[in-house]
Amino acid sequence: MSATRPREQRKERSRQPPATFLAATLIILGFGAPLAYAQPALDVRLGFNDQFLPEQYTPIRVQITYGGQPLTGELILRQVFQSPSGPARSVEMRRTIQLGPRAQQLYVFYFPLSVHPPPEEDGPELIISLTSQGQEIAARRVPLADAARSDPFVLALSEVGFPGALPTGEQVEQIELEQLPLNWKGYAAVRRIYLGRFHSNALTPEQQEALVKWLIRGGELVVFAGENFYLQEAPWLREILPFEVEDVRFVPDLGAVAVVGQPRGEVLYREAGWPVLVRGPLGRGWVYFSAADLINLRVTTPWQRLIPERTEIPPPSTLGPELFHQRELRYPSAPLMGGLLALYVGGFGLLSLWMLRHWIEGAGRGEGRGWRVLLLLLSWALLSSGILVGYLEKPELTSRLQSLEVGLIWGTDQTPWALSQSWYSVIAKRRMTPTWTVGRDALLLPLEEASVTLVMQRTRAQMAFWPLPLSAYQPEHLYMEELVSLPVQIEMDEAQGVRAPLVRVYNQSPWTLEEAVLLRRGIYYALGDLPAGAAREVFLGDRGSGSWPVEMGRTPMTNLEGQAKQKLYAQAQAELEGRDPPWALLAWAKQESLERQPSEHRWTLKLLVIEGMSRSRG
Amino acid sequence: MSRIPWPLRVDGAFWFDSSTWSTYMAFVLLAGLLLLVFLPGTQRIGELQASPANGAAVFSLLFLMIYGIVAMTLGQAEVEWERRLTWPGQLLHLLLRALLALVLTFPYWLVFTLAHSLSPLLSIAILLHLGLVGFVLGLFGWGLALTQRSEIFQFNLKYLGFFLYLAASFFVPGFQFLNAYWPLMALLAEMAPWPYVSFYLLWAGVGLMLALWTRRPQEGRTNGHLPGHRA
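Residue numbers (my numbering), protein chains in the order written: chain A, 1 to 618; chain B, 1001 to 1231.
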């Protein structure tokens, strides 16, 4: 008995898990679980309802879940793609991030996604990686083929169900408040937003500003008021509505609850004398206000007024490339170089013959005159080199990078924001990575088939040029949009009695406004140059003329400045004719926004246009 | 005179004489013409062709070819100066004559680098590369002359051998590291020279072998006149 008991006890012990094994498991689990949690996890959501419009900026939400030690890293979004006809291109966005212990952080990027796959790959994809100290610690590849759509987004904000298809023929994506971009760039693929039964005050200040900026850029907001207005009412919305709201009540003529008040814009539809649909401009965009909720209204006519004139987002103009293609890539003049080189060779021939005769093979056979021979030859070579360098040392001949930066700044007297459109065209003869400062809000798009690697950070952008050794060069074109504050104020006092209309301009911008004119009823009134910080009062008497100096003659200009001015003015004039504002200020704004690179030959010009949308003071 | 350092304390013919003058003159003239022909012309940016066949690449290749021939010709001419290689006198004489040809084309390379937006200092690096190549080719030319074979044999070996070397090492995979053109292209493309260290080592080795060979006394091996005497 006594002999068998310990054996059984040992057997029983062997059936039970040994304490050391348990301890080891606990230790592994204890250390392993935090280690597993320490590995950052990336969760990615694309665009609106996981859809995106190719070649347009798309909101990309990256949520990082992390439980390790605090770390500083870089979150990188990168897409390499190649269209069937163009070269491979790469766009990259980087953001420095700081992760604390047990962090769950959300980062929103606005990225111009392409639908083209990388070279020798089947489908397009976006690569998201998190690096720290140069090491990749997490990565995610997001396939894009099934997420691409062909038409711009029409979004709806509503706390109740919103129809997916409208009588206007539009297909609507209903989104949540959290999906509203914090930056106007996030709306680049959006054409219109319908605001239904929605709590407008729930929008964060960033979301409100982004929405208003997008409208100024050219977006459309349709507010279905009526009963919804109890929720919709918010100071920021009232400010942009083309309607002075007085009351919300049941209107028997409409058979529905409607907002009653005074229209401040164009009335598109009236029912029994009640303004039902009103439209007002905001910058280059439009705000539609429906006094009643059209979804619940039985009349269909207002819907017809809402049918969009165009359903696609127009691509950026190619104004910059057109101008740049006219520019010359300068090289030394062949006849002049021929003359200089002939002088050098002829001089060498004569000198060397003279030396042969007198110092080398002449009397005395050139004993000890070697230093004279060498000195004369070197002096001739150096003198000729000096003359050649004197001719060649010009920026247009020797600069490694040539750029052209032209732009239009569109403002109105309605808002303190102006839309700045810039076209950067750059050609690099040698390997270069020019970097320049861009606004945090800047929307930057490569134009045409670029082959350059574009790296964008929040306030800087960088282009990497790798021209093939001594091969021909490829110009690269970028288009940039920004919403900039417009510190130029204009006041107009209409004519009173014998007094001519008076215009006051306060230029608090950093730009000198050159050749400023006020366009009013087809007449250009010269205001002269307005230096930064200057104010000027001008009576619009008989000083007007039928044309702006640039337009005069209408003959094609041969120099770059003339060509650029003509093209910019033609584009501005076409848009002004379309909108027909009561007046508009036009001036050339010269500014330096592209950082100067060593050995860079660049040229900048911008046209400022401020449209008078509100009524003049009479 | 004694204050002037050697090798400047030499007679005028140390640099060139009537037999080598025409070589220098032809080289300067031909290289100048090539530069003019292949210098790019002012062009509208919209009309730029994305073709890799560029004048700059052709100019540098042709320059390398004619300079190689000049260096070999100068090497062949050394036999009339001295029948065997002496250190430093004879070796330095060949090196300085080969370098003089390059120095005379320094204004061309200055024009070339500035017109292609390269640093003018790169001209010096290019001349150093070509100087090394030319020096070894000069040694080859000297060795060729010392073989005392017929003019036709020397002519054929000089031109055929050189162009075959350039073509074979340019096109045949695995031998491209031997080609003197690729490091020149790397310099012009502002790329790091490290991948071409093997070329420079090999080229220096070939130069050393040729130097050792030409250093031996070459008794009775001149081509028509007595060795060891200048004409």
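C-beta: ideal position from N, C-alpha, C; glycine also.
Here the structure is a predicted model, which means the values were calculated and not measured.
From the options, pick the residue whose C-alpha is nearest to that of residue i; which is it?
i	options	result
E561(A)	L404(A), L608(A), R298(A), Y473(A)	L404(A)
M1209(B)	A1031(B), G1143(B), E1151(B)	G1143(B)
A534(A)	G219(A), Q56(A), E514(A), G544(A)	E514(A)
L1034(B)	E178(A), A334(A), A572(A)	A334(A)
F539(A)	T512(A), M492(A), Y506(A)	M492(A)
D529(A)	W371(A), I523(A), E537(A)	E537(A)
Q39(A)	F153(A), A103(A), P143(A), Q571(A)	A103(A)
G522(A)	F324(A), A516(A), G546(A)	G546(A)
R1215(B)	F1175(B), V1079(B), L1104(B)	V1079(B)
Below 7 Å between beta carbons: does that hold for residue i and residue j?
i	j	result
L628(A)	I128(A)	This structure leaves residue 628(A) out entirely; chain A is present only between 1 and 618.
Y194(A)	W214(A)	no
P487(A)	Q508(A)	yes
F224(A)	V248(A)	no
L1132(B)	A1211(B)	no
E481(A)	L443(A)	yes
L608(A)	A587(A)	yes
L1095(B)	F1135(B)	yes
Q402(A)	H601(A)	yes
G1012(B)	R369(A)	yes
Please report the residue range of the beta strand (DSSP E) in which residue i lies.
i	result
P112(A)	103–112
R192(A)	190–195
W286(A)	285–290
W423(A)	417–428
R249(A)	243–251
H477(A)	476–485
Check the C-beta distance from residue i over to residue j and give it rounded, since I have them as a contact under 8 Å.
i	j	result
P1183(B)	P1173(B)	Not confirmed; about 17 Å, so no contact.
E173(A)	F48(A)	5 Å
S114(A)	P54(A)	6 Å
R1097(B)	L1074(B)	5 Å
A145(A)	P124(A)	6 Å
L585(A)	W423(A)	In fact, because the Cβ distance is near 22 Å, the residues do not count as touching under 8 Å.
L1110(B)	S385(A)	5 Å
L1065(B)	L1166(B)	The sequence given here has Met at residue 1065(B), not Leu. So it is a contact: roughly 7 Å between Cβ atoms.
G226(A)	V245(A)	With 8 Å as the limit, G226(A) and V245(A) do not qualify as a contact, their Cβ atoms being about 12 Å apart.
F1199(B)	F1177(B)	6 Å
L1114(B)	P1120(B)	6 Å
L130(A)	I60(A)	Rounded, the Cβ-Cβ distance is 14 Å, inconsistent with contact.
Residues of chain B with CB under 8 Å from residue i, in chain order?
i	result
V389(A)	L1110, L1114, P1120
L378(A)	V1103
I60(A)	Chain B residues near I60(A): none, gap ~33 Å exceeds 8 Å.
S83(A)	The premise fails here: S83(A) is roughly 16 Å from chain B at the closest Cβ pair, so nothing lies under 8 Å.
L560(A)	Ordered by position in chain B, no residue passes the 8 Å Cβ test against L560(A), which lies about 11 Å from the chain.
L144(A)	Per Cβ cutoff of 8 Å: no residues; L144(A) is ~29 Å from chain B at best.
Mind pulling the chain A residues with CB within less than 9 Å of residue i?
i	result
I1126(B)	Correct list: empty, because the minimum Cβ distance to chain A is about 13 Å.
A1098(B)	In chain order: nothing, as chain A lies at least about 14 Å away.
Hey, could you find the ends of the alpha helix (DSSP H) residue i is sitting in?
i	result
H325(A)	319–326
I240(A)	235–240
H1129(B)	1121–1146
V212(A)	205–217
I387(A)	370–392
F1112(B)	1106–1115
N507(A)	N507(A) -> not in any alpha helix (DSSP H); beta strand (DSSP E) instead, spanning 502–507.
Closer than 7 Å by beta-carbon distance: list the chain A residues that pair up with residue i, in chain order.
i	result
E1078(B)	Result: empty, since nearest Cβ-Cβ is about 17 Å, beyond 7 Å.
W1021(B)	S352, L356
V1028(B)	V345, F348
P1107(B)	Y344, A381, S384, S385, L388
W1015(B)	G370, V373, L374
M1065(B)	Neighbours of M1065(B) on chain A: none; closest Cβ ~17 Å, over 7 Å.
Show which residues of chain A have a CB atom less than 8 Å away from the CB atom of residue i.
i	result
R1044(B)	H325, Q326, R327, E328, L329
P1040(B)	Y331
So which residues of chain B does residue i contact, with C-beta pairs closer than 9 Å?
i	result
V406(A)	By Cβ distance, chain B contributes nothing, its closest Cβ being about 14 Å from V406(A), past 9 Å.
L341(A)	G1032, L1033, L1035, L1036, P1107, Y1108, V1111
A475(A)	Note that residue 475(A) corresponds to Pro in the displayed sequence, not to Ala. Residues of chain B passing the Cβ test: I1045, G1046, L1048.
M337(A)	L1035, L1036, L1039, V1111, A1115
Name the chain B residues that come within less than 7 Å of residue i, Cβ to Cβ?
i	result
T398(A)	L1114, S1117
W359(A)	G1012
Y424(A)	Those within 7 Å of Y424(A) in chain B number zero; the least Cβ separation is about 14 Å.
A334(A)	L1036, L1039, G1041
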